[in-house]
Structure formats: structure tokens, C-alpha cells
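Reading the sequence shown from the start, the letters are residues 1083 to 1239 in the working numbering. I have placed the structure first, in the form of C-alpha cells, so that the comments after it can refer back to it.
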Amino acid sequence: MAENHDEHTFDTTESGASLTYPMQCSALRKNGHVVIKGRPCKIIEMTTSKTGKHGHAKVHLIGTDIFTSRKYEELCPSTHNMDVPNVVRMEYALLNIDDGFLSLMLPDGTTKDDVKLPDGELGEKLEEEFEEGKELLISVVSSMGEEHCLSYKDAPK
């Protein structure tokens, strides 16, 4: 018999927060989130078809990717489960813009340097206002292992 039965070994992993959770198709709502073709999407349109003679009611979902704004469509039986992404929005103070990346201040005082400066007009405006010496709060949305700056505003004085 094993004499050291009081010693246990526990393997440690990440925080345990899942990237997605399942939800029945019929429980999804417009303006909610869903994973379509492996991308986190915001539902912009949703229609339910009537059941056929022997069939199931079908749900037709149209969603836009929350990061790229690309449109995706999905058709699934209303009783099936679909993945819903865990979407987290955090606001950080902007410290610096360095080489296309934002240097952000976390609530505990440490810095976060892995969020890219957004492309296009948003990125240009953000950089321009930062250069003018404005203090900015950056809104970072993270979902399914991706993080993007989707908006910003003036920091409260």
C-alpha cells in the first residue's frame, strides 16, 4: 500500500475562463454575441423559420465580426447549441504610442504594451489627439484570445 497517501499533486492551468460558452439557438438575441465560422460576432439580424412537416424550426443569424466588421451568416436548428464568445471590454489610460503599439496603464499601475494601434481613421485620429497632448482612455475589447482597441475618449479631468 502507498504510505504517502496524504501527498497530492495538482496540475495548474490558466484562470479557467473559457473562450466561449454554449447557448441554445432560440435563446440568442439581436445585439447579443455568437461565434460564426470561428469568429466572435455581434448579431445584427435574426429570423426564425417555421417548422416543416417533419422538420425543426431554423434560426437564420446574420452577424458582424466585432473586430473586423466583416459580415457572417449562419443557419441552424433552433434546438441546437451555438457557442457564445466571452467578450470583455476594459478601459485603460494611454501612456505612449510606440512603433504601432499602444502603451497602456493597467489599474494596478503596470503597463500593457501588446495592443496594436488601430488601422484607418480611428488610429490616425487617436495618434493625432495623443500628439496634441490630450489624455486619452482607450477602450480595449478582448474575446477568444484577440484584443483590439475599438474606441477611445478623453480621460476625465
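Ideal Cβ positions, reconstructed from N, Cα and C, are used throughout, including at glycine.
Check, Outcome
"Expected contact under 8 angstroms - CB spacing of M1172 and V1222 to nearest Å", "5 angstroms"
"Every unbroken beta strand (DSSP E) inside the segment 1096-1183 [3 residues or more]", "1102-1106, 1115-1118, 1121-1130, 1140-1147, 1153-1159, 1163-1167, 1170-1180"
"P1189 vs V1116 beta-carbon contact at 9 angstroms", "no"
"Cα-Cα separation, R1152 to T1146", "5 angstroms"
"Exposed unless 16 or more other CB atoms sit within 10 angstroms - verdict on E1096", "Confidence in E1096 is poor, its pLDDT being 48 and thus under 50, which makes the residue's placement unreliable; the coordinate value appears in the next sentence. Classification of E1096: exposed, given that the 10 Å Cβ count is below 16."
"The segment 1113-1130 / the segment 1171-1185 touching (three or more Cβ pairs under 8 angstroms)", "no"
"N-terminal and C-terminal residue of the beta strand (DSSP E) that K1198 is part of", "1193-1198"
"Local conformation of K1207 per DSSP, three classes", "helix"
"Which of helix, strand or coil DSSP assigns to E1214", "coil"
"Cβ-based neighbour list, T1133, same chain, cut-off 6 angstroms, excluding 5 preceding and 5 following", "A1139"
"Three-state secondary structure assigned by DSSP to S1225", "strand"
"Alpha carbon of V1197 to alpha carbon of A1175, nearest angstrom", "13 angstroms"
"CB contact check: F1149 to chain D, cutoff 9 angstroms", "Structure shown: chain D not included; a single protein chain is present."
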